[in-house]
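Novice:
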Amino acid sequence: MVPVIQEVQELHGIKAKDCYRFYTDIRRRKNHSRTYFLDRMQEKLNDKMRKDDELKRMRR
2 MVPVIQEVQE
12 LHGIKAKDCY
22 RFYTDIRRRK
32 NHSRTYFLDR
42 MQEKLNDKMR
52 KDDELKRMRR
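Below you can see the structure in the form of structure tokens.
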């Protein structure tokens, strides 16, 4: 888990002092999706790529 946390910290320019507490907090979530923010980010990124692909096809 530590390599993943280090990568996320570097990507976002943050430093988490207690990454295991964050992980435990995520595991305790009772929502429909424990990884809501990651799921949303993935959805938005895929939407953007689909739109860009469509624009590229239309320009041809």
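Read in order, the letters of the sequence shown correspond to residues 2 to 61 in the working numbering.
Glycine included, each C-beta is placed from N, C-alpha and C at the ideal position.
Please name the residue in E44, R58, M42 and V3 whose C-alpha comes closest to that of Y24.
Specialist: Translated into positions along the sequence shown, residue 24 becomes position 23. Looking at the Cα atoms, V3 is the closest of the given residues.
Novice: Going by the CB atoms, is the gap between K16 and Q101 shorter than 7 Å?
Specialist: Lying outside 2 to 61, the shown extent of the chain, residue 101 is not represented and no answer is given.
Novice: Taking H13 as part of the alpha helix (DSSP H), name the residues at either end of that continuous run.
Specialist: Here residue 13 refers to the residue found at position 12 of the sequence shown. First-last of the alpha helix (DSSP H) with H13: V3 to H13.
Novice: Looking at C-alpha atoms only, which residue of I6, N32, R30 and H13 is the closest neighbour of Y21?
Specialist: Numbered from 1 along the sequence shown, position 20 holds the residue referred to as residue 21. Comparing Cα positions, the closest option is I6.
Novice: Can the beta-carbon of S34 be found closer than 7 Å to that of D26?
Specialist: Locating residue 34 in the sequence shown gives position 33, counting from the first residue. Locating residue 26 in the sequence shown gives position 25, counting from the first residue. No, they are not a contact pair.
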